[in-house]
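>
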Amino acid sequence: MKFIVLAIIYTSILGFAQSNDSTINSLYSKENILKFADYLFCEEDFLRAAEEYQKIDEKFRDDKINFKIALSFSIIGEYSKSETIFNRINSNSPLYQQSRLELLKILFLQERFDELRTLNKNEDGEGDVSIQLPIKKLLYFSFLKDQQVPEDFDTFTQPFNDNEKHEIGLLYTLRQNLSIKNPLLSSILSALVPGAGKMYVGEFSDGLFALLSVGLFSFLAYDNFNAGHNFRGWLFTGIAAGFYGGNVYGSYSAAQIHNAQIRYEYNLRLDSFIKSKNYFIPKYDFCE
Amino acid sequence: MRFFLLFISLLAIQIFAQQTDWLKWEKNEISYTYKNQVSENNFSQQGISLSQLMIESLSKAYWFLISDLDGDNCPFNPSCSKFFIQAVQETNLPQGVLMFFDRFTRDINIFNREKKYPRLNKRYFYDPIELYTLDENNIRYLPPDKIITIE
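Same order as they appear, the protein sequences are chains B and W. Numbers 1 to 288, taken from our numbering, label the letters of the first sequence in order. Numbers 1001 to 1151, taken from our numbering, label the letters of the second sequence in order.
(1) Taking 7 Å as the limit between beta carbons, can you name the residues of its chain near ASN66/B, skipping five residues before and five after?
(2) What is the DSSP secondary structure of TYR1124/W, reduced to helix, strand or coil?
(3) So ILE1129/W and GLN1086/W are in contact, right, with Cβ under 8 Å, and what is the actual spacing, rounded?
(4) Pair every Cβ in the stretch 59-77 of chain B with every Cβ in the stretch 97-110 of chain B, then say whether three or more of these pairs are closer than 8 Å.
(5) In three-state DSSP terms, what is ARG1140/W?
(6) Are the beta-carbon atoms belonging to TRP1063/W and SER1081/W less than 8 Å from one another?
(7) To the nearest whole angstrom, what separates the beta carbons of SER187/B and TYR252/B, a pair I think is in contact under 8 Å?
(8) Specify whether the stretch 1096-1108 of chain W and the stretch 204-215 of chain B touch according to this definition: at least 3 beta carbon pairs, one from each stretch, less than 8 Å apart.
(9) By the criterion of Cβ-Cβ separation under 9 Å, what are the contact partners of SER253/B in chain W?
(10) Assign ASN247/B to one of three DSSP states: helix, strand, or coil.
(11) Below 8 Å, can you find three or more Cβ-Cβ pairs linking the stretch 1086-1103 of chain W to the stretch 1126-1140 of chain W?
(12) Using the rule of at least 16 other Cβ atoms within 10 Å of the residue's Cβ for burial, across every protein chain shown, is ASP1070/W buried or exposed?
(13) So with CB distances below 8 Å, who are the chain W contacts of SER205/B?
(14) Apart from the five residues just before and just after LEU139/B, which ones in its own chain have a Cβ nearer than 6 Å to its Cβ?
(15) State the CB to CB distance for the pair SER205/B and GLY197/B, rounded to an integer number of angstroms; the pair is presumed to be in contact (CB under 8 Å).
(16) Would you verify that the beta carbon of THR1105/W is, or is not, closer than 8 Å to some beta carbon of chain B?
(17) Check the Cβ-Cβ distances between ALA290/B and every residue of chain W, and say whether any is below 8 Å.
(18) So, is the C-beta of LEU1053/W closer than 8 Å to a C-beta in chain B?
(19) Expressed to the nearest angstrom, what Euclidean distance is found between the alpha-carbon atoms of GLN158/B and ILE135/B?
(20) Exposed or buried, VAL289/B, counting other C-beta atoms within 10 Å across all chains shown (16 or more means buried)?
(21) Measuring only the C-alpha atoms, how far is GLU203/B from CYS42/B?
(22) For a cutoff of 8 Å on Cβ pairs, would you count ASN247/B as touching chain W?
Written out as structure tokens, the structure reads:
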């Protein structure tokens, strides 16, 4: 008898602990799920926070919960999910303006600059100044990334405050003076002097080895023809021609790779700056 | 004692029932056999076109005359012969040949490689053909301090 009682008590405890019915187990009530999700959100465990928030039935979710779900997805890089939820936030909601700003941030992160400008144009002048200014900053900043920098420096830096102006000014100048190399010029230089194109893009040792390889095989070809070894002469001529052609071709691609590297390093600096500024989005007080 | 045994067995059943991730926790079988590159190479020439046969022959000749004698010392991934095949497959024979000669020139340059190429699996210098097809959209620059892992 005692066994049976013990077994019943034990299995009922297990059954209770594992039940996700909120009427049986209060841990699964909306309030407690929200509490736990808020805790995860404030601990910056955004994936689990989003999952917890989504356990709340959709009809009981208010805009704040939806906003937090979308924000969590945005932070972890699930942009399409985030975008869908931000778009659902009603224009009467107090979080509507912030959701538009977050949408612009997603467009910026996904480098969908044309959409970013269209969305901004549609909503130009709407909302309070505290939101309009970050939108303007993000929009102007996107020009640095998109390589369509406006000519007038003062107009360009106008929305930014004094602290930001300094770094923005540096990035602006850097953008205007990126050391982009011309691939065609690089190829022509290598066609004239083997390896010169590689040296032009900063690959000095590659250029030197190209010069040496073309020079060596050309000399071997010349020497063998002179000695009457025609087969070897043609063989080395072929190899020298291969190295020569390869170097002219490689100089073009080396310039392209150099340009990609310059853009990568520039974008790294841009990203680091805008991240440090939280994409010009004011901090939320969800965890205070 | 019987209570205790009953309790233990119920607890064990309970824990056993919750353990589902056997793949993660089971014993991992690791092979320490060194890969034989000769057996990995496919020398079959059945069902391939004449141009493919030429490319394969050139590549295999390069592998037989240079790579195999040199041993497993090519510092790059893909190796020069594989780079050649991939280049021809991705572009065409003349462009593939030019890409190969350019790669070979870079291969004989022993200076500053670590400042130019990212590492693949902490060993090889990663130098994929996508960087050299002259299509700017294909170029994904990888910084040299990056370590790429491919299974």
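All residues carry an ideal CB built from backbone N, CA and C; glycine is no exception. All values reported here derive from a predicted model rather than from experimental measurement.
In brief:
(1) ILE85, ARG88, ILE89
(2) strand
(3) 5 Å
(4) yes
(5) coil
(6) yes
(7) 4 Å
(8) yes
(9) MET1099, ASP1102, LEU1131, TYR1132, THR1133, LEU1134, ILE1139
(10) helix
(11) yes
(12) exposed
(13) ASN1109, PHE1111, ASN1112
(14) ASN120
(15) In fact, because the Cβ distance is near 14 Å, the residues do not count as touching under 8 Å.
(16) yes
(17) Only positions 1 to 288 of chain B appear in the structure, and residue 290/B is not among them; the question remains open.
(18) no
(19) 13 Å
(20) In the structure displayed, chain B extends from 1 to 288; residue 289/B sits before or after that span and is not available.
(21) 49 Å
(22) yes
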